[in-house]
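Everything below concerns the one structure shown next.
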Amino acid sequence: MPIASTVIPLRLYSPRRKKPPLSFLEVTLKSNRSLNVPNGTLKCGAAMLVALQVLAGMPVSAYAAAAPAATTPIQHVIVIIGENRTFDHVYGTYTPKAGETVSNLLSKGIVKANGKPGPNYSLSAQYSALDGTAAGISTYSNSPQYKSIYGTLPPALAGGPVAPSLTGPAPFTTLKIAKLADRSLANDYNQFLITGATGIPSGQVDTRIKNATNLREGVFQLSGNKMPYDAYTQSPVHRFFQMWQQADCNVDYATKDNPSGCLSDLFPWVETTIGAGSNGNAQPKNFTDTSTGEGSAAMGFYNMAQGDAPYFKQLADDFTISDNFHQSVMGGTGANHIMFGFGDSIYYTTDGKTAAAPPTNQIENPNPQADTNNYYDQDGYSGGSYVNCGDIKQPGVPAVTNYLQSLKRPVPANCVKGHYYLVNNYNPGYAGDGSLYSTLSPFTIPPTSQKSIGDVLTAHNLSWKYFGEDWDLYVTDPSESNSFDAYCNICNPFQYQTQFMGTQAAREKYMADTTQLYEDLATGDLPAVSVVKPSGINDGHPASSKLDLFEGFVKKVVNGVKSNPTLWDNTVIFITEDEGGGYYDSGYIQPVDFFGDGTRIPMIVVSKYSKGGHVSHEYGDHVSIVKFIEKNWNLPTITGRSRDNLPNPVQKKGNPYVPTNSPAIGDLSDSFNFSKK
């Protein structure tokens, strides 16, 4: 979510899309296509294009390099990214159609369809641990020792709006006000903008959850008699070093079926010992397992078998989902959106290119403070966020790097020494109006000129655009002081780049509000690649949003594509999350470098070429979407070191979830059947 920042006077700028009528040449000229003219059909090669350009008075460079043709029937890719849900958290009790298999809480016998513990419930058991001076430990461990199974989990705590309010994200006081502020939901979901308040102060025991203070050692169902699906809930911690600990990856735990040795058994322990971070402050006095305000929120799941997430179930039944798709970075929103856009992590610079050291208090130090159990020296939303992971002497780096090297198939960290990579949420280099965000907040990564998938698409004349809900309002309100402005600044990977934010012309060309997306869906004038981000109200982020609001956002886009037969004939919609939000998941985790992967997250593939209720087991993460785009238009990788250079996974029938050629990520090919419509 956006970082709190200092409000200062700003110049105002209101973007308007300048879109004159397309000329005949602009509409019809395509590489290796026919130009339909009244008297016949004329083949247009490169020389003919140049000649026509000159005759039309157009610059020779305008169409000198035509966009490559797609290698599949897909002409349009839409990527919708929600917030903070793991696969098991949403699809934990999903049952696919006959002939398909799924790996989830239900299929593993962890829970029954009614949400109660199953015969293999102990597979989800969680542990407490010691990682601090009390145990004679002075350095961070990604797999703490001295573990002890919980007899009873820490209590589940509440989070989110307590009562209707106009000053926070939703719910709003009236439906009329809600509709004025939010026009991005399918009509039947607008009602949820004014419902779901907790009635419980944030950080207090969530009495809506059955047995909230007497929970067993593993997962528990969130929804129930007192907790409707349409309700705000607590948000678990989901920061970088915290998630490495939650996953509890250790080569000593490795097996044939789980070669990474990740047990995912320390979620509540991390929530209660460090939570969202220390910001360099000393641990509060009288610290308890409720001091961080989370408790065991991470272990909650929705029950799709009992009606939760009905639209996402419908999409799974009708199209394709993946039960082996992962967040690409351990941690939160910003780092995962960056990895999606760049296929890499970005690092601190002074000029957009030259690596430099950030302020000392912004460097991660997860070593435990003296006389604490796992309370980090420096971490938090206005504290540590950068890691020089190419230097084995840096805090936290030895634990992760040594683990990667200890694996049967050692995994390179892929870190350059002296590069301080951003691993947690910091503001992007630019505000919406093109001004430097550092004028608003010191917790801002300077602008970068690193290459992203946007650079690749631009270099090959493939149209693309980032559609961020509330963008138009945000451009006039960069500090987001307007209570209706819920644009997510850290979610736009291209907002970190000088190439696309440094000039007004570039911003107008590549950035837009979702209101423009809905117009484009209606007219069919859609870019080849559209990256779509809901606002903080509709993104499904726990505490600040709800999963049903994200369903409503997705449904509006899907319905918009389906209502345009031409678009529906050649479009794919990838629906996923930025990360798991710190929620538990029982799936396999493959380490691919220092930064991740992390837990499984939902991936839904909606297209006329993905019909049928298929469950894909192909291993993937966010960069798999980039690999699909590159394969679909025969494009090069972003850089020589970006993750899109990783091979496609080789997965055997005996264990279809584990790549034998690790590290490897797929290109989502298994999600489609282009032989039939």
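For the sequence shown, position 429 matches number 1588 in our numbering, and the numbering has no gaps at all.
All C-beta atoms, glycine included, are put in the ideal place defined by N, C-alpha and C.
**OP:** With DSSP as the reference, label Ala1514 as helix, strand or coil.
**Re:** Strand, per DSSP.
Original post:
Looking at the unbroken beta strand (DSSP E) that takes in Lys1888, where does it start and where does it end?
Top reply: With the chain represented from 1160 up to 1836, any question about residue 1888 goes unanswered, as that position is not in the structure.
Subject >> Exposure of Gly1500, with buried meaning 16 or more beta-carbon neighbours within 10 Å >> reply: Burial check for Gly1500: the Cβ neighbour count within 10 Å reaches 16 or more, so the residue is buried.
Original post:
Whose C-beta lies closer than 6 angstroms to the C-beta of Arg1568 among residues of the same chain, with five residues either side of it excluded?
Top reply: Same-chain partners within the cutoff: Ser1821.
**OP:** Give the DSSP-derived three-state secondary structure of Arg1857 in the structure shown.
**Re:** Limits of the chain in this structure are 1160 at one end and 1836 at the other, which puts residue 1857 out of reach.
Original post:
Distance, Cα to Cα, Tyr1743 vs Asp1698?
Top reply: Between Tyr1743 and Asp1698, the C-alpha separation is close to 19 angstroms.
**OP:** Using three-state DSSP, classify Gln1810 as helix, strand or coil.
**Re:** In this structure, DSSP gives Gln1810 an extended state, which the three-state scheme calls strand.
Original post:
How many angstroms separate the CA atom of Gln1405 from the CA atom of Val1270?
Top reply: Going by the C-alpha atoms only, they are around 21 angstroms apart.
Original post:
Residue ranges of each alpha helix (DSSP H) run of no fewer than 4 residues wholly in the region 1424-1462, ordered along the chain?
Top reply: For the alpha helix (DSSP H) assignment, the uninterrupted runs of no fewer than 4 residues enclosed by the region 1424-1462 are, from N- to C-terminal side, 1426-1432.
Original post:
According to the neighbour-count rule (16 or more other Cβ atoms, all chains shown, within 10 Å of its Cβ), is Ala1371 buried or exposed?
Top reply: By the Cβ neighbour-count rule, Ala1371 is buried, with 16 or more other Cβ atoms within 10 Å of its own.
Original post:
Buried or exposed: which applies to Arg1176, given that a residue is buried once 16 or more other Cβ atoms fall within 10 Å of its Cβ?
Top reply: Bear in mind that a pLDDT of 34 at Arg1176, under 50, signals an unreliable position, so the number given afterwards is only what the model happens to contain. When all chains shown are included, Arg1176 counts as exposed.
Original post:
Pro1227 and Asn1793: beta carbons closer than 7 angstroms?
Top reply: In contact: Pro1227 and Asn1793 (Cβ atoms closer than 7 angstroms).
**OP:** Could you tell me if Lys1415 is buried or exposed, where buried requires 16 or more neighbouring beta carbons within 10 angstroms of its beta carbon?
**Re:** Exposed, by the Cβ-count rule.
Original post:
So, helix, strand or coil for Tyr1507, using DSSP?
Top reply: Coil.
Subject >> alpha helix (DSSP H) segment containing Thr1657, residue limits >> reply: Taken as a continuous stretch (DSSP letters only), the alpha helix (DSSP H) holding Thr1657 covers 1657-1660.
Subject >> Nearest to Leu1621 (by Cα), restricted to the options Tyr1669, Gln1663, Lys1576 >> reply: Across the set Tyr1669, Gln1663, Lys1576, the C-alpha of Tyr1669 shows the shortest separation from the C-alpha of Leu1621.
Original post:
Val1559 to Tyr1299, Cα distance in whole Å?
Top reply: Roughly 10 angstroms separates the two Cα atoms.
**OP:** Inspect the CB distances between the region 1273-1290 and the region 1525-1544 and report whether three or more fall short of 8 angstroms.
**Re:** A contact exists between the region 1273-1290 and the region 1525-1544.
Original post:
With burial defined as no fewer than 16 other Cβ atoms inside 10 Å of the residue's Cβ, what is the status of Asn1561: buried or exposed?
Top reply: Asn1561 is exposed by the Cβ-count criterion.
Subject >> Terminal residues of the beta strand (DSSP E) in which Trp1623 lies >> reply: Its beta strand (DSSP E) spans residues 1623-1627.
Subject >> Beta-carbon contacts of Gly1204 that lie in its chain and below 7 angstroms, excluding the five residues immediately before and after >> reply: Reliability of the predicted coordinates at Gly1204 is poor, the pLDDT of 40 falling under 50, and no value is obtained from them.
Original post:
With 16 other CB atoms within 10 Å as the buried threshold, where does Asp1365 fall?
Top reply: A buried status is given to Asp1365, since no fewer than 16 other beta-carbon atoms sit within 10 Å of its beta-carbon.
Original post:
Thinking C-beta only, is Leu1381 closer than 7 angstroms to Tyr1250?
Top reply: Cβ distance not < 7 angstroms, so Tyr1250 and Leu1381 don't count as in contact.
**OP:** Run the CB neighbour count on Gly1555, radius 10 Å, all protein chains shown included, and call it buried at 16 or more, exposed below.
**Re:** Buried.
Original post:
Quick one, are the C-beta atoms of Ser1343 and Phe1733 less than 7 angstroms apart?
Top reply: No, these two residues do not count as a Cβ contact at 7 angstroms.
Original post:
Do Leu1264 and Asp1247 have their C-beta atoms within less than 7 angstroms of each other?
Top reply: Yes, Cβ-Cβ distance for Leu1264 and Asp1247 is below 7 angstroms.
Original post:
For the region 1530-1539 against the region 1429-1449, are there 3 or more C-beta pairs whose distance is under 8 angstroms?
Top reply: Between the region 1530-1539 and the region 1429-1449 there are three or more C-beta pairs closer than 8 angstroms, enough to call the two in contact.
**OP:** Might you give, ordered along the chain, the residues of its own chain that have their beta carbon closer than 8 angstroms to the beta carbon of Gly1825, omitting 5 neighbours on each side?
**Re:** Result list for Gly1825: Glu1777, Tyr1778, Gly1779, Ser1783, Lys1786, Asn1807, Pro1808, in chain order.
Subject >> Close Cβ partners of Gly1577 (< 6 angstroms) along its chain, the five nearest in sequence each way excluded >> reply: Taken in chain order, the residues that qualify are Ala1514.
Original post:
When the Cα of His1235 is compared with those of Trp1727, Lys1770, Pro1795, Asp1756, which residue comes out closest?
Top reply: Selection Trp1727, Lys1770, Pro1795, Asp1756 evaluated against His1235 yields Trp1727 as nearest (Cα-Cα).
**OP:** Helix, strand or coil for Gly1199, going by three-state DSSP, please let me know.
**Re:** Because Gly1199 sits at a pLDDT of 35, beneath the cut-off of 50, its placement in the model cannot be relied upon, and the following sentence gives the value as read from the coordinates. Assignment of Gly1199 by DSSP, reduced to helix, strand and coil, places it in the strand class.
Original post:
Counting along the chain, where does the alpha helix (DSSP H) carrying Phe1331 start and finish?
Top reply: That residue, Phe1331, is in no alpha helix (DSSP H); it is neither H nor E in DSSP.
Subject >> Whole-Å CB distance - Thr1796 paired with Glu1789, under 8 angstroms assumed >> reply: Sure, about 7 angstroms apart at Cβ, within 8 angstroms.
Original post:
Nearest to Phe1426 by CA position, among Gly1439, Cys1408, Gln1442, is which residue?
Top reply: Across the set Gly1439, Cys1408, Gln1442, the C-alpha of Cys1408 shows the shortest separation from the C-alpha of Phe1426.
Original post:
Once you ignore the five residues that flank Gly1502 on each side, which residues in its own chain have a CB closer than 6 angstroms to its CB?
Top reply: So the list reads Val1782, Val1785, Ile1797, Ser1801, Arg1802, Asp1803, once near-sequence residues are dropped.
**OP:** Tell whether a beta-carbon distance below 7 angstroms holds between Tyr1816 and Asn1483.
**Re:** With contacts defined by Cβ atoms closer than 7 angstroms, Tyr1816 and Asn1483 form a contacting pair.
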